[in-house]
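Enquirer: Structure incoming, see below.
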Amino acid sequence: MWSNLHRLVWRTAVKAWQDSIVAMSAQAAFWQTLSLAPLLLGLLSSIGYVAGWFGPDTIDIVHARIIGFASRTFSENVVDEIIKPTVADVLGRGRVEFISIGFVMSLWAGSSAMSNFIDSISRAHEQNSLRNPVWQRIFALNVYLAFLVGAVFILPLVALGPTYINELLPDSWNPIGNHLIAYGYYPAVGLLLVLGLATMYHVALPRPLPWHRLIAGALLAAVVFAVASWILRIYLAYVVKAGYSYGALATPIAFLLFTFFLGFAIVIGAEFNATVQRMWPAKPSHIDVVRDWVSAQADDITGQLRGIPERLQTGPIRRRGHPAADARSTEMPMQSGDITEVARDGHQQRSRSPLRR
């Protein structure tokens with residue numbers, strides 16, 4: 001594989017350019033920006049129903065973790081002017097009821113970014129035509145709902161994990177245990193995000209690949225986004241320090257750039273997985289073998305049915321006459337020169353032809 005690494009990189013870049021990765025990343029950035037407030041509304045409102053299971057201050061801890069993670073990912077002005085006000089506004093509304101129209105609309109708007117990612121991943125693997133567009137939008141909503149349900153239970157555990165683990169550790173393990181938790185917390189969270197991204201690559205495809213073959217693309221996406229966000233933070237800090245500013249649009253543009261590179265990373269990871277599949281195809285699973293066999297049998301039956309003519313070819317229909325006339329006609333065959341007339345009583349009469357002597 002290492003000898004073909006340059007071919008792998010080149011084919012990934014060419015395929016990504018042919019699939020308009022820049023346009024898809026820009027579209028993903030737009031939908032992520034539009035889905036930010038609905039995502040936080042649905043997420044924090046749902047956590048409010050289970051916050052009592054983890055402690056009275058769970059919402060505040062999750063809020064602090066979200067801001068802390070955003071501070072390590074985005075620039076300072078993006079966090080202060082977009083992330084913090086949005087989270088504070090959502091928390092100020094209180095818990096939203098599941099049956100409310102606002103919550104349903106937040107689910108539909110929040111799933112727009114997920115729909116864009118699923119479409120990009122399917123297009124990278126050339127499977128975008130295997131799923132109906134309407135069903136794909138509904139499927140994206142289902143994936144988004146599954147993501148919310150998982151995040152409702154995972155985020156409190158991730159946010160409260162270090163505190164709970166420190167309480168469970170015996171005193172003899174300190175301070176080594178505290179240092180391990182402090183330094184291993186964020187790598188564990190990063191590994192969890194990579195596994196979640198690989199799962200999204202798996203479920204987004206109509207004909208999914210083996211799950212373990214998608215981890216490489218998820219790792220590549222994580223590395224690309226980490227490097228891109230690091231470079232972008234340095235660039236934005238230099239722009240602010242140098243005095244170059246877009247005025248009131250500086251913060252939204254910075255946030256759009258971060259979301260653009262996030263979409264770019266996810267799409268390039270999908271393109272990488274698709275290129276690996278084309279160069280080193282995975283063995284078909286048992287489900288794929290059964291599906292292909294059923295499809296082949298259905299095609300054979302359909303072909304046989306299409307070979308049957310719509311109308312059977314038959315001769316002229318002979319109407320059955322009087323039984324005595326039918327019996328006499330079989331006993332006395334007509335000669336070529338006779339003209340046969342059928343009498344009204346059903347008997348045959350022979351008359352000589354005027355041409356015969």
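Take 1 as the starting number for the sequence shown in UniProt numbering and just add one per residue. Here a beta-carbon is modelled for each residue, glycine too, at the ideal position from N, C-alpha and C. Predicted model only: the values in this text are computed from it and were never measured.
Write down the C-beta distance between Ala-218 and Leu-236 rounded to the nearest angstrom, noting that I regard them as a contact closer than 8 Å.
Expert: With 8 Å as the limit, Ala-218 and Leu-236 do not qualify as a contact, their Cβ atoms being about 26 Å apart.
Enquirer: With a threshold of 8 Å, are at least 3 pairs of Cβ atoms found where one atom belongs to the region 118–130 and the other to the region 270–280?
Expert: yes
Enquirer: Using C-beta distances below 7 Å, list every residue in its chain close to Ile-121, excluding the 5 sequence neighbours before and after it, in chain order.
Expert: Tyr-201, Ala-204, Leu-205 and Ala-270
Enquirer: Going straight from the alpha carbon of Gly-68 to that of Ile-82, what length do you get?
Expert: Going by the C-alpha atoms only, they are around 14 Å apart.
Enquirer: Is the region 255–268 touching the region 23–36, taking contact as three or more C-beta pairs under 8 Å?
Expert: yes
Enquirer: May I have the straight-line CA-CA distance separating Ala-226 from Val-290, to the nearest angstrom?
Expert: 41 Å
Enquirer: By a C-beta neighbour count over all protein chains shown, 10 Å radius and 16 as the cutoff for buried, is Ala-140 buried or exposed?
Expert: Burial call: buried.
Enquirer: Sorted by chain position, which residues of the same chain lie with C-beta nearer than 7 Å to Pro-66's C-beta, five sequence neighbours on each side aside?
Expert: Per the sequence presented here, residue 66 reads as Ile, with Pro not at that position. So the list reads Val-87, once near-sequence residues are dropped.
Enquirer: Taking the Cβ atom as the reference point for each residue, do Leu-155 and Leu-107 lie within a distance shorter than 8 Å?
Expert: no
Enquirer: Taking all protein chains shown into account, do 16 or more other C-beta atoms lie within 10 angstroms of the C-beta of Asp-19, making it buried, or fewer, making it exposed?
Expert: buried
Enquirer: Pick out whichever of Val-152, Tyr-49 and Arg-72 has its Cα sitting closest to the Cα of Gly-190.
Expert: Considering only alpha carbons, the answer is Arg-72.
Enquirer: Provide the residue span of the alpha helix (DSSP H) that contains Ser-71, from first to last.
Expert: 58–73
Enquirer: What does the alpha-carbon distance come out to for the pair Ile-215 and Asp-89?
Expert: Whole-angstrom Cα-Cα distance: 36 Å.
Enquirer: Thinking C-alpha only, which one of Asn-77, Gly-196 and Leu-41 is nearest His-63?
Expert: Ranking the options by Cα distance to His-63, first place goes to Leu-41.
Enquirer: How far does the alpha helix (DSSP H) with His-6 in it extend, from its first residue to its last?
Expert: 5–18
Enquirer: Starting from the C-beta of Ala-282, find all residues in its chain whose C-beta is less than 7 Å away, skip the five residues before and the five after it, and write them out in chain order.
Expert: Leu-209, Pro-210 and Arg-213
Enquirer: On the criterion of 16 or more Cβ atoms from any shown chain inside 10 Å, does Gln-349 qualify as buried, or is it exposed?
Expert: Confidence at Gln-349 is low in this model, with a pLDDT of 47, below 50, so the placement of that residue is unreliable and no value is reported for it.
Enquirer: Who are the near neighbours of Met-105 in its chain, counting only those whose CB is closer than 8 Å to its CB and skipping five residues on each side?
Expert: Pro-38
Enquirer: Please look up how many angstroms separate the CB atoms of Val-78 and Thr-251, rounded, as I've assumed it's under 8 Å.
Expert: 6 Å
Enquirer: Rounded to whole angstroms, what is the Cα-Cα separation between Thr-199 and Ile-231?
Expert: 28 Å
Enquirer: Report the three-state DSSP secondary structure of Ser-112 (helix, strand or coil).
Expert: helix
Enquirer: Output needed for Leu-256: all residues of its chain with C-beta closer than 7 Å, excluding positions within five of it in sequence on either side, in chain order.
Expert: Sequence-distant Cβ neighbours of Leu-256 in its own chain, meaning closer than 7 Å and more than five residues away, are Ala-29 and Thr-33.
Enquirer: Express the C-alpha separation of Trp-17 and Ile-138 in angstroms, rounding to a whole number.
Expert: Going from the Cα of Ile-138 to the Cα of Trp-17 covers about 28 Å.
Enquirer: Under the rule that 16 or more other beta-carbon atoms within 10 Å means buried, what is Thr-12, buried or exposed?
Expert: Buried, since its Cβ has 16 or more Cβ neighbours within 10 Å.
Enquirer: Once DSSP output is grouped into helix, strand and coil, what is the label at Ile-99?
Expert: Only weak support exists for where Ile-99 lies, its pLDDT of 49 falling under 50; the value from the coordinates is given anyway. Residue state for Ile-99 is assigned as coil, using DSSP reduced to three classes.
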